[in-house]
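Number of protein chains: 2
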Amino acid sequence: MKTDPEVEGLRKRMTHIKQVLQQRDLKLTHQRLEIFNEVAKSGDHPDAETIYRSVRQRLPTVSLDTVYRTLWLLLDLGLISTVGPSRERVHFDGNTQPHHHFVCTKCGKIYDFYSRELDKIEVPEAIQALGQGEKINVEVRGLCHQCLKNKSES
Amino acid sequence: MKTDPEVEGLRKRMTHIKQVLQQRDLKLTHQRLEIFNEVAKSGDHPDAETIYRSVRQRLPTVSLDTVYRTLWLLLDLGLISTVGPSRERVHFDGNTQPHHHFVCTKCGKIYDFYSRELDKIEVPEAIQALGQGEKINVEVRGLCHQCLKNKSES
DNA sequence: TTAGGTGCAAATTCTTTGCACCCTG
DNA sequence: CAGGGTGCAAAGAATTTGCACCTAA
Numbered sequence: 033m034k035t036d037p038e039v040e041g042l043r044k045r046m047t048h049i050k051q052v053l054q055q056r057d058l059k060l061t062h063q064r065l066e067i068f069n070e071v072a073k074s075g076d077h078p079d080a081e082t083i084y085r086s087v088r089q090r091l092p093t094v095s096l097d098t099v100y101r102t103l104w105l106l107l108d109l110g111l112i113s114t115v116g117p118s119r120e121r122v123h124f125d126g127n128t129q130p131h132h133h134f135v136c137t138k139c140g141k142i143y144d145f146y147s148r149e150l151d152k153i154e155v156p157e158a159i160q161a162l163g164q165g166e167k168i169n170v171e172v173r174g175l176c177h178q179c180l181k182n183k184s185e186s
Numbered sequence: 033m034k035t036d037p038e039v040e041g042l043r044k045r046m047t048h049i050k051q052v053l054q055q056r057d058l059k060l061t062h063q064r065l066e067i068f069n070e071v072a073k074s075g076d077h078p079d080a081e082t083i084y085r086s087v088r089q090r091l092p093t094v095s096l097d098t099v100y101r102t103l104w105l106l107l108d109l110g111l112i113s114t115v116g117p118s119r120e121r122v123h124f125d126g127n128t129q130p131h132h133h134f135v136c137t138k139c140g141k142i143y144d145f146y147s148r149e150l151d152k153i154e155v156p157e158a159i160q161a162l163g164q165g166e167k168i169n170v171e172v173r174g175l176c177h178q179c180l181k182n183k184s185e186s
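Residue numbers (this note's numbering), protein chains in the order written: chain D, 33 to 186; chain X, 33 to 186.
This is the structure we're talking about:
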């Protein structure tokens, strides 16, 4: 399933992460590169444990906590992202009206917002290959006012 | 901030949950009704602990595990939903290309899909009230093929 | 009456932390 | 060589489970 452009993209991303780490005076360790490589090349959405197991095959001594530390670091650096709310645990939603979410990627807070425009979106055909779509929810990610403020202050 | 239509909606939803529970021969306990009420009326996205604390004010003896059990039950019954992947822990995403997610609400798996159409969506104005939107990701929720199959078999 | 539901406490599972040693720059 | 980064083991959260008692139907 690996196509040339993907491999090429991966190579570029490996160069990119090195630059980013150096710019910030962070060390370019084996572990960091391997962990990033693992997430970047995965077409999946692995959890920490899965990444740990994969990386172990190449670096048999990595520890799970290094995997965690590195993943959060990569997230902070904007090199990878999370699916759904970042860092936080399950959150429940009792709002049954059509609505959408604004997720703050910094503090993890999730705000509802409404949009007639977005409510109109229909389940795309591509979904048929995966299953049966029932609900559509648009997720906008960014920084909430509070976190923007904290950022400018520091 | 509570408007009459909301209160009215909540009343209808309380009637609805009772019907659903009865239809399935599930008991209409105090705890279940209070927990549902708490999630349904919340404009927020509370986690289990928060719901627990609120419910405790009315039912001082509820336990956290009942809250969990009830929330998962309500989820199974389709009376509430979760934000992001259901049940699962943090999942990382190394895919930096614009893409969207199909989340199976049963097994929690998350599949990427692509759509030029959806990539065109712009950050709606409503976001300005909340913060700075950076990325848009459409989330389609439903059942994946595997879970559809398991369901029809049982 | 009688299953299904609950509360308690203990067990799991997931994630983070403190600290001594190691390796990148 | 110096300080950040790692691995280990242990601590801390979050969530689940077993079991005896309770209560809605």
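Positions of the beta carbon are idealized from the N, C-alpha and C atoms, including for glycine. The structure displayed is predicted, hence computed values, not measured ones.
Burial state of X/HIS62 (16 or more Cβ within 10 Å): Looking up residue 62 of chain X in the second sequence gives position 30. With fewer than 16 other CB atoms across the displayed protein chains lying within 10 angstroms of its CB, X/HIS62 is exposed.
Anything in the stretch 119-136 of chain X with a Cβ closer than 9 Å to a Cβ of chain D? List those residues in chain order, please. Taking 9 Å as the Cβ-Cβ cut-off against chain D, the residues of the stretch 119-136 of chain X that qualify are ARG119, GLU120, ARG121, VAL122, HIS123, PHE124, ASP125, GLY126, ASN127, THR128, GLN129, HIS132, HIS133, PHE134, VAL135, CYS136.
Using a Cβ cut-off of 8 Å (strictly closer), state whether X/CYS139 contacts chain D. The sequence position of residue 139 of chain X within the second sequence is 107, counting from 1. Interface criterion not met: the Cβ of X/CYS139 is under 8 Å from no Cβ in chain D.
Using a Cβ-Cβ cut-off of less than 7 Å, give me the residues of the stretch 154-177 of chain X that come near chain D, in sequence order. For chain D, the residues of the stretch 154-177 of chain X that bring a beta carbon within less than 7 Å of one of its beta carbons are VAL155, PRO156, ALA158, ILE159, LEU162, GLY163, GLN164, GLY165, GLU166, LYS167, ILE168, ASN169, VAL170, GLU171, VAL172, ARG173, GLY174, LEU175, CYS176, HIS177, in chain order.
Mapping DSSP to helix, strand and coil, what is D/SER113? Here residue 113 of chain D refers to the residue found at position 81 of the first sequence. D/SER113: strand per DSSP, three-state reduction.
N-terminal and C-terminal residue of the beta strand (DSSP E) that D/LYS167 is part of: The residue you call residue 167 of chain D lines up with position 135 of the first sequence. Start and end: 163-176.
Cα separation between D/THR114 and X/GLN89? Along the first sequence, read from residue 1 onward, the residue named residue 114 of chain D stands at position 82. Along the second sequence, read from residue 1 onward, the residue named residue 89 of chain X stands at position 57. One C-alpha to the other measures close to 35 Å.
Using a threshold of 8 Å, state whether the C-beta atoms of D/GLN51 and D/LEU60 are closer than that. Translated into the one-based positions of the first sequence, residue 51 of chain D becomes position 19. Translated into the one-based positions of the first sequence, residue 60 of chain D becomes position 28. Cβ atoms of D/GLN51 and D/LEU60: not closer than 8 Å.
D/ARG43 by DSSP, collapsed to three states: which one? For the purposes of this step, residue 43 of chain D is identified with residue 11 of the first sequence, where counting begins at 1. Reduced to three states, the DSSP call for D/ARG43 is helix.
Checking the sheet assignment: what are the DSSP bridge partners for X/ASP144? One-based indexing of the second sequence puts residue 144 of chain X at position 112. X/HIS133, per the DSSP bridge assignment.
May I have the straight-line CA-CA distance separating X/ASP125 from D/GLY110, to the nearest angstrom? Within the second sequence, the letter at position 93 stands for residue 125 of chain X. Within the first sequence, the letter at position 78 stands for residue 110 of chain D. Rounded to whole angstroms, X/ASP125 and D/GLY110 show a C-alpha spacing of 11 Å.
Buried or exposed for D/LEU58, please, with buried defined as at least 16 other CB atoms from any protein chain shown within 10 angstroms of its CB. For this step, residue 58 of chain D is matched to residue 26 along the first sequence. Counting Cβ neighbours within 10 Å, D/LEU58 comes out exposed, since fewer than 16 surround it.
Would you mind stating whether D/GLY163 and X/HIS177 have Cβ atoms separated by less than 8 Å? Within the first sequence, numbered from 1, the residue matching residue 163 of chain D stands at position 131. Within the second sequence, numbered from 1, the residue matching residue 177 of chain X stands at position 145. A contact, by the Cβ cut-off of 8 Å.
Extent of the continuous alpha helix (DSSP H) to which D/HIS62 belongs: Position 30 of the first sequence, counted from the start, is the residue given in the question as residue 62 of chain D. Start and end: 62-73.
Integer Cβ distance of X/ASN169 from X/HIS132, believed to fall under 8 Å: Reading the second sequence from its first residue, position 137 is the one you call residue 169 of chain X. Reading the second sequence from its first residue, position 100 is the one you call residue 132 of chain X. Rounded to whole angstroms, the Cβ separation of X/ASN169 and X/HIS132 is 6 Å, and the two are in contact under 8 Å.
Could you give the residue range of the alpha helix (DSSP H) that holds X/ASP97? In the second sequence, the residue the question calls residue 97 of chain X occupies position 65. 96-108 is the extent of the alpha helix (DSSP H) around X/ASP97.
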